[in-house]
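Enquirer: Got a structure here, written out as structure tokens. Questions coming.
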Amino acid sequence: MSEKCCFCEKPFVKPDFGCNPYPLADAGRCCNFCDSVLVNTARLLPQFVGSSQSPKIVGLMKSMVWAHKEAEKMKKELMQNV
Ligand SMILES: [Zn+2]
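Read left to right, the sequence shown gives residues 161 to 242 (this note's numbering).
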């Protein structure tokens with residue numbers, strides 16, 4: 161089992177053992193932050209769930225996480241860009 165978030169690559173801190181990254185990734189686990197901000201937002205975009213757009217969304221999310229954007233800004237950009 162992976163010890164790191166599959167999106168932002170931060171190591172999990174107990175008791176955070178990672179959340180299910182579906183529908184953005186089939187494998188691995190993501191941290192609570194990425195789950196609440198990114199995965200939940202993606203779940204609101206059903207037209208992209210499991211579609212060929214998923215890698216694009218994941219790439220967009222990673223760049224936002226690495227840029228340390230605020231959660232609300234991330235959600236807005238994610239909704240606008242996909
Ligand atoms: Zn994460």
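Using N, Cα and C, we set each Cβ at its ideal position, and we do this for glycine too.
Being a predicted model, the structure only gives us computed values, none of them experimental.
(1) At a cut-off of 7 Å, would you count phenylalanine 193 as near ligand 1, judging by its Cβ distance to the nearest heavy atom?
(2) Is the distance from the Cβ of alanine 185 to the Cβ of valine 218 below 8 Å?
(3) Over what stretch of residues does the alpha helix (DSSP H) that includes arginine 203 continue unbroken?
(4) Residues in its own chain within less than 7 Å of lysine 235 by CB, not counting five upstream and five downstream?
(5) Name the two residues that bound the continuous alpha helix (DSSP H) containing lysine 236.
Expert: Based on what the coordinates show:
(1) For phenylalanine 193, the shortest separation between its Cβ and any heavy atom of ligand 1 lies below 7 Å.
(2) Going by C-beta atoms, alanine 185 is nearer than 8 Å to valine 218.
(3) For arginine 203, the enclosing alpha helix (DSSP H) has its first and last residue at 200–203.
(4) Here lysine 235 has Val197, Thr201 as same chain residues with Cβ atoms under 7 Å from its own Cβ, once five neighbours each way along the sequence are excluded.
(5) Lysine 236 -> alpha helix (DSSP H) spans 231–241.
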